[in-house]
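Colleague: For the sequence shown, position 13 matches number 12 in numbering that gives the first Met the number 0, and the numbering has no gaps at all. Please see the structure below; I have some questions.
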Amino acid sequence: MKRNQNFDHNHSQKVFSCRYNMDTNRVEARFEDGTTLSIDCIAIEDEYSNTPAQRAELDWLLI
Numbered sequence: 000m001k002r003n004q005n006f007d008h009n010h011s012q013k014v015f016s017c018r019y020n021m022d023t024n025r026v027e028a029r030f031e032d033g034t035t036l037s038i039d040c041i042a043i044e045d046e047y048s049n050t051p052a053q054r055a056e057l058d059w060l061l062i
């Protein structure tokens, strides 16, 4: 999959599977049409956790 690829905003697609891959630190989702989405958790965390309030929002996920 290309980086920063735009997806069609079709909300009727169903998630076939979704899992966290500890080896790559990514969330990987597969949709019923065969589309795969891989989310880099470190990149999201680095981009989002700029303030203490934003960091607190991410920290609750660890509980």
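Ideal Cβ positions, reconstructed from N, Cα and C, are used throughout, including at glycine.
Return the first residue and the last residue of the alpha helix (DSSP H) that D32 is part of.
Modeller: On the sequence shown, residue 32 is found 33 positions in, with the first residue counted as 1. Note, D32: premise wrong, no alpha helix (DSSP H); not H, not E.
Colleague: May I ask you to report which of helix, strand or coil DSSP gives D58?
Modeller: Against the sequence shown, residue 58 aligns to sequence position 59. Reduced to three states, the DSSP call for D58 is helix.
Colleague: Using DSSP's beta-bridge definition, name the partner residues of S37.
Modeller: The residue labelled residue 37 in the question sits at position 38 within the sequence shown. Answer is E27.
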